[in-house]
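**Student:** Have a look at the structure that comes next, please.
The structure is reproduced here in structure tokens:
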């Protein structure tokens, strides 16, 4: 499969347009009307819905809306392509992905409007799909769209300038390396004892041959090389690789759950759930699917009032990268703040490239291969009490035979973008800037000059800056090619 390279240069005209686009997007503070659609009725409908949502202050930070094209949203994957070199078939697939992002954002935002808003998302998306046909065939419109499409990074560069980041970088590196060493020492310590609690996926694992069949079927990969899976196929892959969680205690803050809006704040209560989505990453000349599981905890308790890291809500993101045969290439874990990223590569497939890492901080940990039939093994993630640090990852179809388990369900991550608030209305777990309200940590005062917005605070997909040294995003589609080589 041909790898489509990223853009290598930006013309002055495009740079100016991108700068204007960024200014328009800052804070999403003002409404940008759409470019004319294929009919006056469609244009009017999109103008009306945009104005209504803007007046209500209902926004969503997952993906970036293209100015003038409110039905299209880009992410880091889509912006990894060179838009000037796409064929008509590739343009159409690119637009379909952007359209899907836009539709999911629209439906979540409309759900948060009052129930009598009168807008029909099906009609609005019908109009948008007609416009996609025009964008594919009209080179001028495509060039205009390509000039405006932009995905900003999750770092505030002005903070690094004002905060003398180059001078404090060695101190930050020392502190982060200390934390990395502590986590490496902790890893390999399984959770044990009568206090431990096991959480298991409610759905049984699918047939191991099914993953290979799903990813190997005709049509599973589109013209861009991106996975093109049905919701049912994605659900089966997610069920196949869903992990067990072994929690160190039965305390409420160690129980994965569901966000509920209560007394003006978010609380995590039963039932236990994993919020799931599908992402993509490049490896050599192929795109690989990534299965993402997000677990939420009620808090990280503070041992004392001046603790830097404790506060409301905590969580774990677990990601599984598969190759085209359905074999696991890489496991990763990170907290929803973008903190404590750990990599667990398949040693038969990947080898860390130390030259690429440089002075960046990378926590790459070994995993013992599954014993017995590898096809029947799924990981058990062991988590420390309170901190929810990953203390071990082990494999097996039954972590502890005879140990009672609490089942957790799996729902789409988009559910978090419009949750019932107990009054008959809906609200997003996330603010317009992508942060979860009420989850700020004291560490933000010490790490503000890293450029990360509210370090330690929980955040929405696409906003996980995972490095204080250098820049790195959890949803960067070039992470594998950037940091790993094929295993010898």
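In mature numbering (1 follows the signal peptide of the UniProt record, and there is no 0), the protein residues as written are -24 to -1, 1 to 464. Note that CB positions come from ideal geometry on N, CA and C, so glycine has one too.
Given 8 angstroms as the limit, is there contact between the stretch 433 to 447 and the stretch 148 to 155, that is, 3 or more CB pairs closer than that?
**Tutor:** yes
**Student:** Is it the case that the stretch 407 to 427 contacts the stretch 293 to 301, given that we only count it when at least three CB pairs across the two stretches are under 8 angstroms?
**Tutor:** no
**Student:** Taking 7 angstroms as the cut-off, is the beta-carbon of residue 108 closer than that to any non-hydrogen atom of the ligand GTP?
**Tutor:** With respect to small molecules bound, the structure shown includes none, and the ligand GTP cannot be examined in it.
**Student:** Whole angstroms is fine: what's the gap from residue 431's alpha carbon to residue 110's?
**Tutor:** As a first step, residue 431 is located in the chain shown; it is residue number 455 there, counting from the start. As a first step, residue 110 is located in the chain shown; it is residue number 134 there, counting from the start. Distance between the alpha carbons of residue 431 and residue 110: 43 angstroms.
**Student:** Taking the alpha helix (DSSP H) that residue 217 falls in, what are its first and last residues?
**Tutor:** Translated into positions along the chain shown, residue 217 becomes position 241. Unbroken alpha helix (DSSP H) run through residue 217: 207 to 217.
**Student:** Check for me: the beta strand (DSSP E) holding residue 266 runs from which residue to which?
**Tutor:** As a first step, residue 266 must be located in the chain shown, where it is residue number 290. That run of the beta strand (DSSP E) goes 262 to 276.
**Student:** Measure the C-alpha to C-alpha separation of residue 88 and residue 357 and round it to an integer number of angstroms.
**Tutor:** The residue given as residue 88 occupies position 112 in the chain shown. The residue given as residue 357 occupies position 381 in the chain shown. Taking the straight line joining both Cα atoms gives about 35 angstroms.
**Student:** Going by DSSP, name the residue or residues bridged to residue 238.
**Tutor:** Within the chain shown, the letter at position 262 stands for residue 238. Beta-bridge pairing links residue 238 to 241.
**Student:** Determine the direct distance from the alpha carbon of residue 264 to that of residue 193, and round the result to whole angstroms.
**Tutor:** Taking the first residue of the chain shown as position 1, residue 193 is located at position 217. Taking the first residue of the chain shown as position 1, residue 264 is located at position 288. Their backbone Cα atoms lie some 15 angstroms apart in a straight line.
**Student:** Can the beta-carbon of residue 163 be found closer than 8 angstroms to that of residue 361?
**Tutor:** Residue mapping note: residue 163 aligns to position 187 of the chain shown, counting from 1. Residue mapping note: residue 361 aligns to position 385 of the chain shown, counting from 1. In this structure, residue 361 does not lie closer than 8 angstroms to residue 163 by Cβ.
**Student:** Check this for me: beta carbons of residue 392 and residue 251, under 8 angstroms apart or not?
**Tutor:** By one-based count along the chain shown, residue 392 stands at place 416. By one-based count along the chain shown, residue 251 stands at place 275. Yes, Cβ-Cβ distance for residue 392 and residue 251 is below 8 angstroms.
**Student:** Give every residue of the same chain whose Cβ lies closer than 8 angstroms to the Cβ of residue 333, excluding the five residues on either side of it in the sequence, and list them in chain order.
**Tutor:** Position 357 of the chain shown, counted from the first residue, corresponds to residue 333. Result list for residue 333: 459, in chain order.
**Student:** What do you reckon, are the CB atoms on residue 42 and residue 156 nearer than 8 angstroms?
**Tutor:** Position 66 of the chain shown, counted from the first residue, corresponds to residue 42. Position 180 of the chain shown, counted from the first residue, corresponds to residue 156. No. Outside cutoff.
**Student:** Output the boundary residues of the alpha helix (DSSP H) element that contains residue 159.
**Tutor:** Counting from one through the chain shown, the residue named residue 159 turns up at place 183. Going by DSSP, residue 159 is part of the alpha helix (DSSP H) stretching over 141 to 162.
**Student:** Please classify residue 65: is it buried, with 16 or more other beta-carbons within 10 angstroms of its beta-carbon, or exposed?
**Tutor:** Position 89 of the chain shown, counted from the first residue, corresponds to residue 65. Exposed is the call here.
**Student:** Which residue from 46, 51 and 30 puts its Cα closest to that of residue 39?
**Tutor:** Within the chain shown, the letter at position 63 stands for residue 39. With distances taken between Cα atoms, residue 39 lies closest to 51.
**Student:** Return the chain-ordered ranges of every beta strand (DSSP E) run that is complete within the stretch 307 to 357 and spans a minimum of 3 residues.
**Tutor:** DSSP runs (the beta strand (DSSP E)) wholly in the stretch 307 to 357: 318 to 321 and 326 to 328.
**Student:** Taking all protein chains shown into account, do 16 or more other C-beta atoms lie within 10 angstroms of the C-beta of residue -3, making it buried, or fewer, making it exposed?
**Tutor:** Counted from its first residue, the chain shown places residue -3 at position 22. With a pLDDT of 44 at residue -3, under the threshold of 50, the predicted position of this residue should be treated as unreliable, though the coordinate-derived value follows. It counts as exposed.
**Student:** Mapping the DSSP letters down to three states, classify residue 366 as helix, strand or coil.
**Tutor:** Reading the chain shown from its first residue, position 390 is the one you call residue 366. Correct three-state label for residue 366: strand.
**Student:** Evaluate contact between the stretch 223 to 242 and the stretch 166 to 177, counting only Cβ atoms and requiring at least three cross-stretch pairs below 8 angstroms.
**Tutor:** yes
**Student:** With distances taken from CA atoms, which of 283, 129 and 26 is nearest residue 95?
**Tutor:** Counting from one through the chain shown, the residue named residue 95 turns up at place 119. Taking only the C-alpha atoms, the option nearest residue 95 is 26.
**Student:** So, helix, strand or coil for residue 120, using DSSP?
**Tutor:** The count along the chain shown starts at 1 and reaches residue 120 at position 144. Looking at residue 120 - three-state DSSP - the assignment turns out to be helix.
**Student:** Do you know whose CA, among 386, 417 and 455, lies nearest residue 272's CA?
**Tutor:** Residue numbering aside, residue 272 sits at position 296 when the chain shown is read from its first letter. Per the Cα distances, 386.
**Student:** If I follow the unbroken alpha helix (DSSP H) through residue 78, where does it start and stop?
**Tutor:** Along the chain shown, read from residue 1 onward, the residue named residue 78 stands at position 102. Segment 64 to 88, the alpha helix (DSSP H) holding residue 78.
**Student:** Could you tell me the alpha carbon to alpha carbon distance between residue 165 and residue 318, rounded to whole angstroms?
**Tutor:** Position 189 of the chain shown, counted from the start, is the residue given in the question as residue 165. Position 342 of the chain shown, counted from the start, is the residue given in the question as residue 318. If you take the alpha carbons of residue 165 and residue 318, they lie about 15 angstroms apart.
**Student:** Do you know how far the Cα of residue 412 is from the Cα of residue 61?
**Tutor:** As a first step, residue 61 must be located in the chain shown, where it is residue number 85. As a first step, residue 412 must be located in the chain shown, where it is residue number 436. Cα to Cα, residue 61 sits roughly 38 angstroms from residue 412.
**Student:** Taking the beta strand (DSSP E) that residue 384 falls in, what are its first and last residues?
**Tutor:** Numbered from 1 along the chain shown, position 408 holds the residue referred to as residue 384. Counting along the chain, the beta strand (DSSP E) containing residue 384 begins and ends at 381 to 388.
**Student:** For a test of the three-state rule: what should DSSP assign to residue 469, helix, strand or coil?
**Tutor:** In the structure as shown, the chain starts at -24 and stops at 464, and residue 469 therefore has no counterpart that could be examined.
**Student:** Buried or exposed for residue 33, please, with buried defined as at least 16 other CB atoms from any protein chain shown within 10 angstroms of its CB.
**Tutor:** Taking the first residue of the chain shown as position 1, residue 33 is located at position 57. With fewer than 16 Cβ atoms within 10 Å of its Cβ, residue 33 is classed as exposed.
**Student:** Classify residue 10 as buried or exposed, calling it buried when 16 or more other Cβ atoms lie within 10 Å of its own Cβ.
**Tutor:** Start at 1 with the first residue of the chain shown, and residue 10 comes out as number 34. Under this definition residue 10 is a buried residue.
**Student:** Specify the secondary structure class of residue 425 as computed by DSSP and reduced to three states.
**Tutor:** Residue mapping note: residue 425 aligns to position 449 of the chain shown, counting from 1. Reduced to three states, the DSSP call for residue 425 is helix.
**Student:** Using DSSP with H/G/I as helix, E/B as strand and the rest coil, what is residue 448?
**Tutor:** If you number the chain shown from 1, residue 448 lands on position 472. Three-state DSSP puts residue 448 in coil, outside helix and strand.
**Student:** Are there three or more Cβ pairs, one per stretch, closer than 8 angstroms when the stretch 433 to 441 is compared with the stretch 400 to 417?
**Tutor:** Here the stretch 433 to 441 lies against the stretch 400 to 417, with 3 or more beta-carbon pairs under 8 angstroms apart.
**Student:** By a C-beta neighbour count over all protein chains shown, 10 Å radius and 16 as the cutoff for buried, is residue 241 buried or exposed?
**Tutor:** In the chain shown, counting from the first residue as 1, residue 241 sits at position 265. Exposure of residue 241 is indicated by the presence of fewer than 16 other C-beta atoms within 10 angstroms of its C-beta.
**Student:** Can you name the start and end residues of the alpha helix (DSSP H) that residue 113 belongs to?
**Tutor:** Reading the chain shown from its first residue, position 137 is the one you call residue 113. Per DSSP, residue 113 belongs to the alpha helix (DSSP H) from 97 to 113.
**Student:** Given a cut-off of 8 angstroms, decide if residue 327 and residue 461 are closer than it, judged by their beta-carbon atoms.
**Tutor:** On the chain shown, position 485 is the one that residue 461 refers to. On the chain shown, position 351 is the one that residue 327 refers to. Yes, they are a contact pair.
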